[in-house]
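Asks:
Residue numbers (this note's numbering): 2 to 468.
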């Protein structure tokens with residue numbers, strides 16, 4: 002296992018006979034948990050304590066940045082999609098706003114990627130992003146994310162938050178003397194704190210970032226401990242301290258969910274079906290998004306043209322879905338706030354329309370150049386699929402939320418444990434009995450995605466051999 006400090010000298014002390022290989026194996030097999038890999042020497046301990054202290058310092062500004070960013074996105078979203086139609090004298094956004102706002106957002110993203118360093122952040126096809134983000138990239142990432150999230154594109158806020166938190170951590174790097182791996186740990190600490198603001202605490206944020214690979218290439222505990230400290234300290238900004246009430250916590254639990262008590266066999270079987278269907282749909286979504294991305298990557302001029310065309314496509318899809326009886330919020334945006342609405346849907350046909358148009362719009366946004374994360378659109382699609390099971394087989398909507406969220410997140414991101422934890426947070430205590438079904442949904446989603454990926458890779462290899 003690698004460590005942040007210098008490696009200890011492995012030679013024996015003078016005058017000692019070298020141990021035989023058998024003795025070494027025996028010693029290693031019974032060695033207690035006080036090894037250098039788990040308990041560093043004094044020099045390494047100083048580095049670890051320094052990183053943990055810096056993590057605590059980074060946690061507060063990263064949390065404040067996340068709070069300000071999310072608040073700005075929500076304010077702009079309400080201004081353009083709720084207040085503006087009201088001032089126009091209509092109850093819902095007119096067609097020209099549904100069509101025009103995603104196009105305007107695409108132009109904002111194009112400006113961020115063209116004129117600001119960092120290209121507006123990484124492509125959502127690459128997942129949530131795990132590499133340290135230079136602080137100089139933060140303005141471009143924030144602007145591109147605002148152009149995506151507030152203007153109706155189908156992506157979530159987690160990837161920009163991870164990048165912005167990482168940028169906060171990288172601000173500290175020039176002012177401290179640390180090994181190269183320490184720089185990555187500080188960037189990770191900022192990401193932990195920022196994401197905990199979105200997911201309601203340091204636990205799910207830490208698990209998500211761990212599965213995303215932020216601890217790769219470094220010793221596990223040295224990489225995670227400063228991040229957990231940063232997330233915990235940053236979370237205090239939201240929950241308050243003493244007489245100070247804090248900024249307020251955004252609860253992830255969907256309100257007024259009925260109790261789910263006892264598990265039926267049909268619930269377990271349907272969970273497997275939901276996992277398989279979610280994986281098949283998300284696999285096709287990513288495949289289509291990759292196709293759009295390749296078409297847009299030929300040259301910069303085409304990239305910007307396809308980005309604007311993607312905004313047009315998203316608006317048109319929302320208008321068609323509304324004409325077919327769906328709400329535009331079911332197609333636009335990440336789906337984070339629309340989950341209760343899809344759970345309340347009473348028609349199978351309407352759910353099929355929502356799934357189809359949401360998936361197509363999501364594929365367009367993945368590949369055309371918008372910037373955001375993959376978690377919430379995948380969760381929304383998974384919940385919509387599970388909601389069909391509620392209507393056809395009289396399942397509980399709490400079951401649909403737990404299974405759909407977990408299976409959808411796994412199908413869209415490949416995350417397993419964070420998907421299960423996230424589904425528990427969404428359902429709260431009323432959905433704990435649905436956890437076994439959620440586990441089956443996650444396993445089915447992961448296995449199906451793995452099988453489809455292997456099939457695609459083998460097909461590509463066969464095509465290369467033929468050519």
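Each residue gets a CB set at the ideal place from its N, CA and C atoms; glycine is no exception.
Mind listing, in chain order, the continuous alpha helix (DSSP H) runs of no fewer than 4 residues lying wholly within the segment 297-346?
Replies: 301-324, 340-344
Asks: Between the segment 255-275 and the segment 434-447, do at least 3 Cβ pairs fall closer than 8 Å?
Replies: yes
Asks: Are the Cβ atoms of residue 385 and residue 426 separated by less than 8 Å?
Replies: no
Asks: Measuring CB atoms only, is the segment 390-406 touching the segment 315-326, in the sense that at least three cross pairs come out at less than 8 Å?
Replies: The answer is no - the segment 315-326 does not touch the segment 390-406, with fewer than three Cβ pairs under 8 Å.
Asks: By DSSP, does residue 157 sit in helix, in strand, or in coil?
Replies: Strand, per DSSP.
Asks: With H, G and I counted as helix, E and B as strand and the rest as coil, what does DSSP make of residue 290?
Replies: Correct three-state label for residue 290: helix.
Asks: Of the residues 70, 54, 284, which one's Cα is nearest the Cα of residue 187?
Replies: 54
Asks: Kindly list the residues whose CB is nearer than 7 Å to the CB of residue 263, restricted to its own chain and excluding five residues on each side of it in sequence; keep chain order.
Replies: 434
Asks: Residue 139 and residue 168 - do their beta-carbons sit closer together than 8 Å?
Replies: yes
Asks: If distances are taken between C-alpha atoms only, which option among 94, 60, 294 comes closest to residue 330?
Replies: 94
Asks: Run the CB neighbour count on residue 295, radius 10 Å, all protein chains shown included, and call it buried at 16 or more, exposed below.
Replies: That one is exposed.
Asks: Would you mind working out which of 176, 172, 382, 166 sits nearest residue 189, comparing C-alpha positions?
Replies: 166
Asks: Can you give me the start and stop residues for the alpha helix (DSSP H) that residue 410 sits inside?
Replies: 398-414
Asks: Select from 359, 141, 149, 451 the residue whose C-alpha is nearest the C-alpha of residue 118.
Replies: 141
Asks: Can you tell me which of the three DSSP states residue 166 falls into?
Replies: helix
Asks: Should the segment 375-384 be regarded as contacting the segment 272-289, the criterion being three or more beta carbon pairs within less than 8 Å?
Replies: yes
Asks: Please return the same chain residues whose Cβ sits closer than 6 Å to the Cβ of residue 324, not counting the five positions on each side in sequence.
Replies: none
Asks: Cutting at 6 Å between CB atoms, please list the residues of its own chain near residue 57, excluding the five before and the five after it.
Replies: 230, 234
Asks: Among 159, 104, 108, 107, which one has its Cα closest to the Cα of residue 335?
Replies: 159
Asks: Which two residues bound the contiguous alpha helix (DSSP H) that contains residue 428?
Replies: 418-428
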